Amino acid sequence: MVSCRDKDGKNNALVVGFVANVSLDPVMVMVGITPTRYSHHIVKESGCFVINFPKKSYKKEYGYLGSASGRDEDKFAKADIKWEDATYVDAPILTDCPVSIECSVVDSTMPGTHELFIGKVEAIHVDEEYLDANGNILWDKMDLM
210 MVSCRDKDGK NNALVVGFVA NVSLDPVMVM VGITPTRYSH HIVKESGCFV INFPKKSYKK
270 EYGYLGSASG RDEDKFAKAD IKWEDATYVD APILTDCPVS IECSVVDSTM PGTHELFIGK
330 VEAIHVDEEY LDANGNILWD KMDLM
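Using my numbering, the first residue of the sequence shown is number 210, and each one after it goes up by one.
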């Protein structure tokens with residue numbers, strides 16, 4: 210799920226089908242968003258986003274965020290989405306998600322139906338219970354969607 214904030218301070222989040230690593234040095238990721246989605250213009254204007262990895266227990270919220278539009282309603286208020294401000298970018302972190310990745314847009318391209326936003330990873334937030342003694346993420350311990 211990708212969360213973002215518009216220029217008026219309104220939070221939004223959507224479910225995306227395209228997320229990938231694109232560089233190890235510097236660390237960068239990509240998300241694909243169709244231009245018809247409400248969040249598209251927000252990410253384009255703000256130049257940032259947060260990727261949030263939900264657990265299976267977040268299924269109800271996931272389904273809602275993937276089917277409703279922030280253009281029509283305040284999705285955070287309606288679904289009681291818990292969030293906090295990101296540390297480095299002007300976007301919300303979904304605090305019920307065990308992993309959140311703050312990103313600044315460095316480039317974008319429109320190869321077809323989706324605009325691919327390339328984001329430089331500014332920070333990664335992981336619930337402590339999913340880190341080993343060396344700070345590595347224990348992906349296999351999470352029950353992710």
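A virtual CB, placed ideally from N, CA and C, is assigned to each residue, including glycine.
No experiment lies behind these values; they were computed from the predicted model shown.
Residue i: which of the options sits nearest, CA to CA?
{"i": "K329", "options": "K216, W348, L233", "result": "L233"}
{"i": "K253", "options": "L347, I327, D349, V335", "result": "I327"}
{"i": "I346", "options": "M319, I310, D217", "result": "I310"}
{"i": "D224", "options": "T322, Y339, S248, W292", "result": "Note that residue 224 is Val in the sequence shown, not Asp. Minimum Cα distance to V224 is reached at S248."}
{"i": "V211", "options": "A332, C257, N343", "result": "C257"}
{"i": "D305", "options": "K269, R280, G241", "result": "K269"}
{"i": "V308", "options": "D352, K216, G226", "result": "D352"}
{"i": "A288", "options": "G241, G272, N343, T318", "result": "G272"}
{"i": "A222", "options": "N230, V236, P263", "result": "P263"}
{"i": "L303", "options": "Y267, E324, M319", "result": "Y267"}
{"i": "C213", "options": "E293, D281, N230, P235", "result": "E293"}
{"i": "T322", "options": "G241, V259, V335, G218", "result": "G241"}
Terminal residues of the continuous alpha helix (DSSP H) containing residue i?
{"i": "V308", "result": "Segment 308-318 is the beta strand (DSSP E) holding V308; no alpha helix (DSSP H) there."}
{"i": "S212", "result": "Element bounds for S212: not the alpha helix (DSSP H) but the beta strand (DSSP E), 211-214."}
{"i": "L274", "result": "268-276"}
{"i": "K350", "result": "No alpha helix (DSSP H) holds K350; DSSP gives it neither H nor E."}
{"i": "A286", "result": "284-287"}
Going by the beta-carbon positions, is the gap between residue i and residue j smaller than 8 Å?
{"i": "C312", "j": "V228", "result": "no"}
{"i": "K284", "j": "A277", "result": "yes"}
{"i": "Y297", "j": "E338", "result": "no"}
{"i": "M354", "j": "K291", "result": "no"}
Per DSSP, which one or two residues make a beta bridge with residue i?
{"i": "V240", "result": "V228, F326"}
{"i": "W292", "result": "L303"}
{"i": "A332", "result": "E311"}
Between which two residues does the beta strand (DSSP E) holding residue i run?
{"i": "I260", "result": "257-262"}
{"i": "L223", "result": "220-223"}
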